[in-house]
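For the sequence shown, counting from 1, position 57 maps to 320 in the numbering used here; every step adds exactly one.
Comments concern the structure below.
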Amino acid sequence: ELIKQYWKTRGIDPDALRMYDGSGLSPANRVTPTALVQVMTDARSKPWFNYFYQALPTINGLKMKSGSISGVRAYTGYISSGGRTYTFAFMVNNFSGSSSAVMQKMFALLNQLK
């Protein structure tokens with residue numbers, strides 16, 4: 264509840280966050296793509312942002328963090344294009360087929376945004 268209240272003061276709807284266990288490993292956890300973008304956008308205004316940004320993995324040529332659980336694949340991070348940096352969250356839920364096939368399709372779309 265404390266974490267939800269913290270993010271509520273920064274404009275995130277508390278219903279966009281369901282934190283069951285705090286580890287991110289439970290299928291009962293949920294964070295909406297909108298909330299992910301808001302958190303990542305908030306980070307850009309912090310004095311420690313450059314350290315955070317550098318710590319993000321580079322995946323498919325983008326600074327982003329991946330997340331996955333059975334039937335779900337997600338990425339959130341930053342895309343720099345045309346001299347501007349955009350914050351994004353991209354999530355595919357309840358897919359059929361292989362994770363690698365979904366990742367390839369997600370990367371194909373992300374590549375269009377670079």
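In this text, a Cβ means the ideal position worked out from N, Cα and C, and glycines have one as well.
(message) Taking 6 Å as the limit between beta carbons, can you name the residues of its chain near Tyr-250, skipping five residues before and five after?
(response) The requested residue 250 does not occur in the structure, where the chain is confined to residues 264 to 377.
(message) Is there a C-beta anywhere in chain C that falls below 8 Å from the one on Tyr-269?
(response) In the displayed structure, chain C is absent; only one protein chain is listed.
(message) One question on the structure: do Leu-373 and Phe-353 come within less than 8 Å of each other, judged by their Cβ atoms?
(response) To locate residue 373, count along the sequence shown from 1; it is residue 110. To locate residue 353, count along the sequence shown from 1; it is residue 90. Result yes, Cβ atoms of Leu-373 and Phe-353 sit closer than 8 Å.
(request) Alpha carbon to alpha carbon, how far is Ser-344 from Lys-220? Give it in angstroms, no decimals. (result) Coverage of the chain is limited to positions 264 through 377, which leaves residue 220 absent and any answer about it impossible.
(request) Check each candidate in Gly-274, Val-365 and Arg-336 and name the one with the smallest Cα separation from Met-303. (result) The residue you call residue 303 lines up with position 40 of the sequence shown. Minimum Cα distance to Met-303 is reached at Gly-274.
(request) Figure out for me which residue from Lys-309, Gly-340 and Gln-301 has the closest Cα to the Cα of Pro-320. (result) Within the sequence shown, the letter at position 57 stands for residue 320. The shortest C-alpha separation from Pro-320 is found at Gly-340.
(request) Please classify Lys-326: does DSSP put it in a helix, a strand, or coil? (result) Residue mapping note: residue 326 aligns to position 63 of the sequence shown, counting from 1. Strand at Lys-326.
(request) To the nearest angstrom, report how far apart Phe-358 and Val-335 are at their CA atoms. (result) Translated into the one-based positions of the sequence shown, residue 358 becomes position 95. Translated into the one-based positions of the sequence shown, residue 335 becomes position 72. Taking the straight line from one Cα to the other gives about 7 Å.
(message) Which residues does DSSP list as the beta-bridge partners of Tyr-338?
(response) Taking the first residue of the sequence shown as position 1, residue 338 is located at position 75. Answer by DSSP bridge pairing, in chain order: Ser-329 and Phe-353.
(request) To the nearest angstrom, report how far apart Val-294 and Asp-278 are at their CA atoms. (result) Taking the first residue of the sequence shown as 1, we reach residue 294 at position 31. Taking the first residue of the sequence shown as 1, we reach residue 278 at position 15. Each residue's alpha carbon lies about 9 Å from the other.
(message) For the alpha helix (DSSP H) containing Asp-305, name the first residue and the last one.
(response) For the purposes of this step, residue 305 is taken as residue 42 along the sequence shown, with counting starting at 1. First-last of the alpha helix (DSSP H) with Asp-305: 296 to 306.
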